[in-house]
Structures are given as structure tokens and as C-alpha cells.
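Numbering (the UniProt record's numbering), first residue to last: 1 to 738.
1. So what's residue 501 in DSSP terms, helix, strand or just coil?
2. So residue 320 and residue 356 are in contact, right, with Cβ under 8 Å, and what is the actual spacing, rounded?
3. Going by DSSP, what residue range makes up the beta strand (DSSP E) through residue 188?
4. Ignore the nearest five residues each way along the sequence and tell me which others in residue 548's own chain have a CB closer than 8 Å to its CB.
5. Can you tell me the Cα-Cα spacing of residue 223 and residue 304, whole angstroms?
6. Taking C-alpha atoms, which residue in 196, 630, 204, 332 lies nearest to residue 574?
7. Considering only DSSP beta bridges, list what residue 382 is partnered with.
8. Where does residue 219 sit, in a helix, a strand or coil, going by DSSP?
9. List the whole-angstrom C-beta distance separating residue 585 from residue 640, where the pair is believed to meet the contact cut-off of C-beta under 8 Å.
10. Who pairs with residue 599 in a beta bridge, going by DSSP?
11. Reducing DSSP to helix, strand and coil, say where residue 146 ends up.
12. Could you say which of 91, 46, 85 lies nearest to residue 69 if we only look at CA atoms?
13. Start and end of the alpha helix (DSSP H) containing residue 116?
14. Thinking residue 269 and residue 236 are a contact (beta carbons under 8 Å), I'd like their distance in whole angstroms, please.
15. Determine, using beta-carbon pairs with one atom in the segment 454-473 and one in the segment 558-577, whether at least three such pairs fall under 8 Å.
16. At what residues does the beta strand (DSSP E) containing residue 466 begin and finish?
17. Just the Cα atoms here: how many angstroms apart are residue 685 and residue 655?
18. Of the choices 228, 696, 108, 367, whose alpha-carbon is the least far from that of residue 289?
19. Curious, which full-length alpha helix (DSSP H) runs of at least 4 residues does the segment 473-549 contain?
20. What's the gap between the Cα of residue 225 and the Cα of residue 348?
21. Taking just the CA atoms, how far does residue 186 sit from residue 159?
22. With respect to the beta strand (DSSP E) encompassing residue 44, which residues constitute its N-terminal and C-terminal limits?
23. Using C-beta distances below 7 Å, list every residue in its chain close to residue 204, excluding the 5 sequence neighbours before and after it, in chain order.
24. In the DSSP output, what is residue 697 paired with across the bridge?
25. Helix, strand or coil, according to DSSP, for residue 703 in the structure here?
26. Pick from 87, 228, 512: whose alpha carbon is nearest that of residue 371?
27. CB-CB under 6 Å to residue 192, same chain, minus the five flanking residues each way: which ones, in chain order?
28. Could you tell me which residues DSSP puts in a beta bridge with residue 326?
29. Less than 9 Å between the C-beta atoms of residue 324 and residue 239, yes or no?
30. Who are residue 25's beta bridge partners in DSSP?
31. On a Cα-Cα basis, can you pick out the residue from 522, 425, 486 that is closest to residue 556?
32. Mapping DSSP to helix, strand and coil, what is residue 387?
33. Within its chain, find whatever has a CB closer than 6 Å to the CB of residue 417; leave out the 5 residues flanking it on each side and keep chain order.
34. With a cut-off of 9 Å, does the C-beta of residue 680 fall near any C-beta of chain C?
35. Hey, is the segment 307-320 in contact with the segment 81-90, meaning 3+ C-beta pairs nearer than 8 Å?
36. Hey, which unbroken runs of the alpha helix (DSSP H) at 4 residues or more fall wholly within the segment 391-433?
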């Protein structure tokens, strides 16, 4: 009440998932008072002619608006976002110049984003009564299943019905304990979906380097460390030991991985190491209900270990004890549409907010992380040697200029593949183009199969009998005569994974050829199933895109062939050489991870190129430092902060005019200077996508704070001068110019 004895008004200030950079005020739903309202709850609210799911950010007494609508419904009795998560999301919205409502939407799994009540997944938990807690572990020795259940409850505390069913402790065993007065069912939070049962495995012996790295990461308090470890050096074992330390102290561990395909093998390894802990997986390959259960179990503190792809960084973790980022250099940690955040960079912010250590691991660190390590912002840890008896592979360059190639392969490369397979070993061929052929042309009139919606050629997929755009997914049936001159003299230019698979399967018909790309791994668990023969050690030929380059441990692979190493040497994107170096090093790292020595063959038309020579002769470390020097001269990230203002629309003139006006606005606030530079408007490398023309304005600044201030002012200006004919976005710390 106020001083007059009247009740003060209660107003909900909520984040609504719309592209507006502000919060919105509503009255509470009818029948709810101040005592029923807590920040972090979700509400259904009317917005225009829609009902949207909003998150309560704060309860206030006054609003600048005279008339307010009431919220339709409260969806959660208890907050699902704690105070730390709300602060973190607001920081991310401010840093990336994004609407905070869209950040909350990105943080929520689809089922919760659509308004499903959180208690829909509430579970029953079995807990011991006072009498049960007083029993010794051997009290029910004559009834083995009851004894096992009693020991579990005494040792690990209450168990969800899901977890008990997964352990084979069914309702009849639980009922027996309840009838004895030793246990009872209680309502409790969501438990993560059960994982596939795996055989528990003990921890291997650490080597001296691994022990030193683990001891160098403080167990409590914030610290940021970059672990630069050569491929096969045992980085995953370091992650597991740091997890173990956090779990032992009663905390949660968060592990981020770049690809869904890596999740099943990672889950198996972690489940085998930690059979008594609850593990939640968070990635887009899960059904909506599964993901909601996993998210809620993590947010309530029930899940002990959370493994996920980039959006898992937004999951509330009340007992957070350590954050681990595997393959931190990987571009998939950066969201490329919607809210353009970097999960890798946000992990450091979250760790600082929570006061916990964060470890970023990679054999080929991003230049950003390497710069932070070399400048002292991160602790720089190294694993220089492969674990066990594994030795670094031998690397050879195969010049292919002026050579007669068979479907893109030099004769000596094919000979090496055959010799490897004949020895009962495995070979891996890396081709970063999927489909049968990246271009289809008419040899009579020069017609090319172009995408009608993008500045790109259609890729021929012969198995599916269609041409497809890999940018907008436009498809048309395969043509057998030229649409322009009707000639049947069509030529498929270049080779993708599908065409190479046909050729290699015919050439080495005694051995299975396993193709791994997005076409063969579209279904859940597909990658895991495809790689099973290779994990079993059978002689086979693996063929695939960069999905094969990440995190796979295949000890019988002794030969790696990189069909074309030249893609990143002449790109207009200044990050292309860095990505090329990372990819080549990661692919080469698949060779010789067991007791057998590995060999890498790199096909190149430019074998004397200085960057390629530096990478192959002195390794990624020297290569990355050379790139850093070049970036310093060019005044590019990571030596300077960079943001892109992007615009796209159906008429290119509108986007150029908008960005020209944006540049004028920026320059009125802060003219160009040695500390602040503007470039553009310029077309994106892929100028047209899905029927929309794309341009950007590039801004680089010596001081990140100045850039952030300018972008915040620009975002308010652009929102107030909104042109409905185009879409615009701020891309802070942009990773792609496409």
C-alpha cells in the first residue's frame, strides 16, 4: 500500500519476442497479485492481433502509458529464468544490439517458446522416509532389487521415475519399499530424458602434460584459459577431469560442442565415465518434448552435466561450476541469422558472471582466442604431444597442375589409397563439396544452371535426380537437355562427394566406401551409424565434407587425402586463409591416431604458395601468427573490433540507400579517423540469396567501447526510421562477409 492506504498498482514489464529494442508493460492477469509475480516467469500476452509468450523482467509500480492491457495468462508458477540468467541475457542483448525479447526466445526450447506450461513435464520422485534413511545399506540383502534401490537412494538421494525405469527398477520394486514404509513418491522437477545404456569405463592414466593443464585451471573463481592441443593429444580427457572436479564439489558442468553429429559420441563417452550423474543433451536434433525436458532439468539444477550446441549457452544453470568449449575455433558457434551471437565469446562472459573457470579447447585456435591468450587476457595452456603411442602424421604435397586427374584424383594418390586398404587399414578422403557436381553447363551454348533466387549455381544431386541450391534450398528436376538451345551435350563440371563416391566405389570395389555429408546424415543418429564400421576397425574408405574433420577418433585411419587445398588461398573474405588452415590441420589430424603412423596427402595447384608452405612445414601455430601480423597491418580483427550493419531487400537500390544513410549518420556522430574506419556499402560475397539482395557497411574501431556506443545510437535511429521494404541487422564481431 502507499501512504494513503490504497494498494499500489502492479505492472508487469516483460520481454516480448518482437524486433523492437525495448520492454513492454502489461497489467497482471485477473486474480493475480504482487505475491504471485516473480521475474523470470512466462506470461501469455496480447500483442497486436497475436498472443505471444513473454518473460517477466521486472514488476514496477508506474508506466509511461496511460492505458495498459492485461496479460492473458501466467504460464509458470515458479521462475524458469533466475536472476543471473536474466542479467546475462540483458548483457547479450546490449552487446549484440539485439531485441531482448528475441534473446529470451532464442534461449527457450520450441515447446516452451510456444507456451507449453513447464509443469507439463513435472515428475514423480522416490525419496526415503525417515525410517528408510536410518537403515544400513545391507538391510534388504535378501531382496536384491529392493537392496539395489535402497543403496541408490541412500547414496544418491531421491530418484525420478524416469531414472528408475532406465535402471530397470520398475514400479513393483518401488511399491515394495513404499509398503515397508521406507520410501514415498513426491512431486518434483523435470528429469532429463534417459540416455542409451553404456558400459561404465574407468579413467585412463594421465600423462604429465595433461596433469599440468588440469592443475593450471583453478577449481573456483573466474578464469579463462585457452587449451591449444595438437589433434589426438587428449583434450577430451582434460575436459572430463575438469567435469569430474566440478561434479565432486556438487556443481554442474556445461560442455559446448560445435555440431549435432559430435553429440552422440560425446554423450556415450561422458555417460560411460559418469554413470551415476544426470546428463542432459541440448541440440536441434531432439524432439520438442525431449529438448524441453532436458532444458528444464538443467534450469532446475537436476541435470548435473549439460552437453549442447551453441544455444545451450543461454540455459539457466543454478549450480554452474565449469564451462568447456570443444573446437572453440569452429564457425558454428556464431549464429548467422536472427540474433547474431557467439556462444564461444558469451561463454567467457557467463563464466565471469558465475565466478567459474572456462576452458576453450582446440588444435587450431581462432585468431581471436589466440590473440587473447598472447596478450594475457586468457591463460595459454598447451598439449604438444599426442596421447599414448600415436605420432604426428607425415604430410606430403601432391602438385596437380598439368597432371591428368581421374575425377579430381592424381594417380599417385589413388595408388596410396589402394595400398592402405590392402594393408587392412582405413583411408579418409576430404572433399568440401557435397552433391554429384557443383555446376551443370551446356557445351554448345554455354548455359549454366543458376539458382533463380541466389547468386549461385545449382548443384547436381544425381541420386535424388534434382538440381539444388545449397543456399536457399531451391530445387528443380534434373535436366537432360539444355533449356536454352535444347542440346543434349550437357557437362557436369567438378566433383562433389556423390560423384567421388561413385568413382571410388568402382575403383576400390572390394572395400566399403562410407560417404559422410549433410545428405547422408540428415536423420537422427545417422552419423553415428555410418561411422560404426570405421570404429570397429574394418578396412574401409571414408569420404566426406568438414563433418569428418571434427572430433572423430578413428585409430585405423592411416591415410588422409585432401583433394583440393587451394580454396582459401584466394578468397575475397579475409578470414578464408584462417579457416583453410584450421580445416586442413583438423582433417590431417584424423590420420595416425592409434599405434600406426599416419600419412597425409595434400593435392594443390599452388604447392609453393607461402601460406600453404608455412602451414605444412611449421604447423598451425606459426601459420596463425603470420596471419595475425597480416591482420595487424590491415587493421582487421582480432587487432581491432569490427561490426557489420547488414541490409537486404528485393530491390538492391533500397539496401544501398539505407546503408548510405546509415554511414552518413555514423559519420555525423564520429567522423572517420585512424581509430575508426568505415567501408561500404558493399555487396555481400553472396549478393543475392532467397530472392533478396544483400549489402553491408563495415565499421572497424580501435576501441570496442566506442563501437558499441555508436551501434546503440544507430539501432535506435534505424528503428525509428524503419523501412518496411528491407530488413536490417547489426552483426557485432561478424565472422562472415557472405
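Backbone N, C-alpha and C define an ideal beta-carbon position, used for all residues, glycine too.
For this structure:
1. Start at 1 with the first residue of the chain shown, and residue 501 comes out as number 501. Reduced to three states, the DSSP call for residue 501 is helix.
2. What you label residue 320 is simply residue 320 of the chain shown in a count that begins at 1. What you label residue 356 is simply residue 356 of the chain shown in a count that begins at 1. Contact holds; Cβ gap of about 6 Å.
3. As a first step, residue 188 is located in the chain shown; it is residue number 188 there, counting from the start. Unbroken beta strand (DSSP E) run through residue 188: 183-188.
4. The residue labelled residue 548 in the question sits at position 548 within the chain shown. 428, 430, 516, 542, 587, 590, listed in sequence order.
5. Here residue 223 is taken as the residue at index 223 of the chain shown, counted from 1. Here residue 304 is taken as the residue at index 304 of the chain shown, counted from 1. Distance from the CA atom of residue 223 to the CA atom of residue 304, rounded to whole angstroms, is 21 Å.
6. Counting from 1 along the chain shown, the entry for residue 574 is found at position 574. When only C-alpha atoms are compared, the closest one is 630.
7. Residue numbering aside, residue 382 sits at position 382 when the chain shown is read from its first letter. According to DSSP, residue 382 bridges with 228.
8. Here the question's residue 219 lines up with position 219 in the chain shown. Three-state result, residue 219: coil.
9. Residue numbering aside, residue 585 sits at position 585 when the chain shown is read from its first letter. Residue numbering aside, residue 640 sits at position 640 when the chain shown is read from its first letter. So it is not a contact: roughly 26 Å between Cβ atoms.
10. As a working note, residue 599 is residue 599 in the chain shown. Looking at the DSSP assignment, residue 599 forms a beta bridge with 394, 559.
11. Residue 146 sits at position 146 when you count from the first residue of the chain shown. In the structure shown, residue 146 sits in a helix (DSSP, three-state: H, G or I).
12. Here residue 69 refers to the residue found at position 69 when the chain shown is read from its first residue. Nearest C-alpha to residue 69: 46.
13. Looking up residue 116 in the chain shown gives position 116. Note, residue 116: premise wrong, no alpha helix (DSSP H); not H, not E.
14. In the chain shown, residue 269 corresponds to position 269, counting from 1. In the chain shown, residue 236 corresponds to position 236, counting from 1. Confirmed, about 7 Å.
15. no
16. Numbered from 1 along the chain shown, position 466 holds the residue referred to as residue 466. Run containing residue 466: 466-468, per the beta strand (DSSP E) assignment.
17. The residue given as residue 685 occupies position 685 in the chain shown. The residue given as residue 655 occupies position 655 in the chain shown. A straight line joining the alpha-carbon of residue 685 with that of residue 655 spans about 15 Å.
18. As a first step, residue 289 is located in the chain shown; it is residue number 289 there, counting from the start. The residue with the shortest Cα to Cα distance from residue 289 is 108.
19. 497-507, 526-530, 532-535
20. Your numbering for residue 225 matches position 225 in the chain shown. Your numbering for residue 348 matches position 348 in the chain shown. Their backbone Cα atoms lie some 10 Å apart in a straight line.
21. Along the chain shown, read from residue 1 onward, the residue named residue 159 stands at position 159. Along the chain shown, read from residue 1 onward, the residue named residue 186 stands at position 186. Straight-line Cα distance between these residues: approximately 10 Å.
22. Counting from 1 along the chain shown, the entry for residue 44 is found at position 44. From DSSP, the beta strand (DSSP E) with residue 44 extends over 42-47.
23. Position 204 of the chain shown, counted from the first residue, corresponds to residue 204. Within the same chain, 237 come within 7 Å of residue 204 by CB-CB distance, once the 5 residues on both sides are set aside.
24. Residue 697 sits at position 697 when you count from the first residue of the chain shown. In the DSSP output, where bridge partners are listed per residue, residue 697 has 645.
25. Walking along the chain shown from the start, residue 703 turns up at place 703. In the structure shown, residue 703 falls within a coil segment according to DSSP collapsed to helix, strand and coil.
26. Here the question's residue 371 lines up with position 371 in the chain shown. Nearest option by C-alpha distance: 228.
27. Taking the chain shown and counting its residues from 1, one reaches residue 192 at position 192. Once the five neighbours on either side are set aside, the close Cβ partners of residue 192 are 278, 280, 294, 297, 303.
28. Counting from 1 along the chain shown, the entry for residue 326 is found at position 326. DSSP output for residue 326 lists 361 as bridge partner(s).
29. Counted from its first residue, the chain shown places residue 324 at position 324. Counted from its first residue, the chain shown places residue 239 at position 239. Against a cut-off of 9 Å, the Cβ pair of residue 239 and residue 324 comes out as a contact.
30. Looking up residue 25 in the chain shown gives position 25. Note: residue 25 sits in a beta bridge opposite 13.
31. Here residue 556 refers to the residue found at position 556 of the chain shown. Minimum Cα distance to residue 556 is reached at 425.
32. The count along the chain shown starts at 1 and reaches residue 387 at position 387. The answer is coil: DSSP assigns residue 387 none of H, G, I, E or B.
33. The residue labelled residue 417 in the question sits at position 417 within the chain shown. Answer for residue 417: 427, listed in chain order.
34. The structure shown contains no chain C, having only a single protein chain.
35. Verdict: yes, contact present.
36. Inside the segment 391-433, DSSP marks whole alpha helix (DSSP H) runs of 4 or more residues at positions 411-422, from first to last along the chain.
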